[in-house]
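Report on one structure; see the data block that follows.
Protein chains: 2
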Amino acid sequence: MKRSQRLVALTNHFLESPFEHVQLPYFSSKFKASKSSISEDLDIIDDMFRNEGIGYLKRIAGASGGVKYIPDYPKEKSIEIIDELCRLLEDPVRILPGGYLYMSDILGDPKTVRKIGRVFASAFAHLDIDVVITVATKGIPLAYAVATFLDVPVVIVRRDTKVTEGSSVSINYVSGNSRIQTMVLPKRSLKEGSNVCIIDDFMKAGGTITGMKSLLEEFHANVKAIGVLAEADDEEDERVVDDYTSLLKITNVDTRGKQIEVKRGNFNS
Amino acid sequence: MKRSQRLVALTNHFLESPFEHVQLPYFSSKFKASKSSISEDLDIIDDMFRNEGIGYLKRIAGASGGVKYIPDYPKEKSIEIIDELCRLLEDPVRILPGGYLYMSDILGDPKTVRKIGRVFASAFAHLDIDVVITVATKGIPLAYAVATFLDVPVVIVRRDTKVTEGSSVSINYVSGNSRIQTMVLPKRSLKEGSNVCIIDDFMKAGGTITGMKSLLEEFHANVKAIGVLAEADDEEDERVVDDYTSLLKITNVDTRGKQIEVKRGNFNS
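Each protein sequence line maps, in turn, to chains A and B.
FYI, the numbering for the first sequence is 3 to 271, going by our numbering.
FYI, the numbering for the second sequence is 3 to 271, going by our numbering.
In structure tokens, the structure reads:
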């Protein structure tokens, strides 16, 4: 096989399998090429991945050596995406009664969701995350996008007990509007002592996140990171969570004047 | 830029943007290469994509001509994935009380979900789908995977009214266990007359799918395809939906003998 053909196949392989460790002999035999040819291929791919801002190839030396693709957005690119989201969200037609914001179209676009996933995954890549956790429903696509780029599974906390998942652990918690709510996680869905990353779409006072943290304590999980797409700025006084990463901060939702301000979250600070 | 470098960048571009139509001059100017060089690059990529079984590049001739990547699993590869899923699901530890099957680990693995998405997207690629629809919760990751490879948005039908989505259309329907349930879709989430593809994880008698179809009628949507990951075989007599594509058929769940049989669905027939 020619180098040009190998480069296409290898690029596809790495993009499909982030964080997967592959030893060079595997590629040598798959493509019937010498180890040194493969090694040169990897240098070209590494260069171009960096150039395109989508990450890099990490080479591991030694007997069990090999290579893996680390998806990694440069900070500038993440900021660019965040600013793009700010512009999208500032559209006043998004304002709903009660000062809520219509975001379903943005969260319904797989490409945008993938970009957001990449931003979070790049920020959390060094934290040795075992699993991404979210609560049904709106955080689910974001959680999968993050998990794809971290190459880990997703576990979904539910607000209702479903018979189809076996024995579960459940907790009650108080949400923002002082209602008592329930959260449930099937016992076999999460190993004890896992390193977890919590992902959600929106945070007001942080009641939901706090609920998830209590539930995760029951599994002796280590919450290594909390990522929320957007936080409501005006709730800052009453916030019960402080160790989170937000991409966007929604301020001054003026339902009457039909105005809204969306700023960068604490991601960059 | 050298051909080898262009090939890496172009491969990444196509894989990230299925179905996106790009005119050749765009690549010419981005990579500072002649149209004929780019054209040769595309031939190499097209060859290798077919070779790897991940689809092909479609060239459009003429003044507004260009190229787009059509993700397309060859049928054999889809069948391979279906058979792999059968083996995974036949594990008797999956049997839950009531004859249900534990599938959350499989649906929680982004790589597996992506593969399933590719299988459905390949089957439905010619149907001119505008949007993928699912009902919360378990079908969501599958819906996003399908939508990614069809390059269309996802719309999520909910079972509860959320204040955060504005005015909605809701219907009542009767589910398998004869309970009356509600389904809700925000008005602004779906354009009238859209071509839709319904995706769900599991189908017994088909009450949920029927409910979605009635709801979609309110939006004058055309249901072009229905894809379910697994169907329960023993409910076939009472089935109220017949125009669906299933990857797996679950038969003979023997809770006592701890046995279960999972066969290919109607995908291949």
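All residues carry an ideal CB built from backbone N, CA and C; glycine is no exception.
Fair warning: this is a prediction, and the values are worked out from it, not measured in the lab.
Quiz item: Got a sec: is the Cβ-Cβ distance from residue 181/A to anything in chain B below 8 Å?
Solution: no
Quiz item: Mind checking whether residue 135/A and residue 214/A have CB atoms under 8 Å apart?
Solution: yes
Self-check item: For residue 16/A and residue 70/A, the rounded distance between their alpha carbons
Solution: 7 Å
Self-check item: Proximal residues of chain B, C-beta to C-beta of residue 50/A below 7 Å
Solution: 7, 10 and 11
Quiz item: With a CB to CB cut of under 6 Å and the five nearest residues on each side skipped, what residues in its chain are close to residue 33/A?
Solution: 3 and 8
Exercise. Identify, in the order they occur along the chain, each residue of the same chain with its Cβ nearer than 6 Å to the Cβ of residue 1/A, setting aside the five sequence neighbours on each side.
Key: Chain A is shown from 3 up to 271; residue 1/A falls before or after that span and cannot be answered.
Practice problem: Report all residues from its chain with a CB closer than 7 Å to the CB of residue 146/B; omit the five preceding and five following residues, and keep chain order. | Solution: 156
Quiz item: Exposed or buried, what is residue 77/A when buried is set at 16 or more other beta-carbons lying within 10 Å of its beta-carbon?
Solution: exposed
Quiz item: Where residue 180/A and residue 203/A are concerned, what is the direct C-alpha to C-alpha distance, given to the nearest angstrom?
Solution: 20 Å
Quiz item: Rounded to whole angstroms, how far is the Cβ of residue 2/A from the Cβ of residue 152/A, which I believe are closer than 8 Å?
Solution: What the structure shows of chain A is the stretch from 3 to 271, and residue 2/A is not part of that stretch, so it cannot be assessed.
Exercise. Starting from residue 188/B, follow its DSSP beta bridges and name the residues at the other end.
Key: 170/B
Self-check item: Endpoints, the alpha helix (DSSP H) within which residue 27/B is located
Solution: 26-33
Quiz item: Does the distance from the CB of residue 25/B to the CB of residue 55/B come in under 8 Å?
Solution: no
Quiz prompt | Distance between beta carbons of residue 148/A and residue 195/A, contact taken as under 8 Å | solution = Not really, about 21 Å apart at Cβ, beyond 8 Å.
Practice problem: Could you check what DSSP says for residue 154/A in three-state terms: helix, strand or coil? | Solution: coil
Self-check item: Chain-order list of residues whose beta-carbon lies under 7 Å from that of residue 75/B (same chain, five-residue window excluded)
Solution: 55, 120, 121 and 124
Quiz item: Does the distance from the CB of residue 39/A to the CB of residue 46/B come in under 8 Å?
Solution: no
Practice problem: Locate the beta strand (DSSP E) running through residue 204/A, then write down its first and last residues. | Solution: 197-205
Quiz item: Among 109/A, 233/A, 258/A and 261/A, which residue has its Cα nearest to the Cα of residue 252/A?
Solution: 233/A
Practice problem: With a cut-off of 8 Å on the beta carbons, I'd call residue 216/B and residue 158/B a contact; round off their distance for me. | Solution: Between residue 158/B and residue 216/B the Cβ distance is about 17 Å, and since that is not below 8 Å, they are no contact.
Quiz item: Helix, strand or coil: which one does DSSP assign to residue 193/A?
Solution: coil
Exercise. Could you say which of 85/A, 94/A, 230/A and 41/A lies nearest to residue 254/A if we only look at CA atoms?
Key: 94/A
Exercise. From the DSSP output, in three-state form, read off residue 99/B for me.
Key: helix
Quiz item: residue 248/B by DSSP, collapsed to three states: which one?
Solution: strand
Exercise. With a threshold of 16 other CB atoms inside 10 Å of the CB of residue 160/A, please say whether the residue is buried or exposed.
Key: buried
Quiz item: In this structure, does DSSP put residue 89/A in helix, strand or coil?
Solution: helix
Quiz item: Should residue 111/A be labelled buried (16 or more other beta-carbon atoms within 10 Å of its own) or exposed?
Solution: buried
Exercise. State the Cα-Cα distance for the pair residue 187/A and residue 113/A, rounded to the nearest angstrom.
Key: 29 Å
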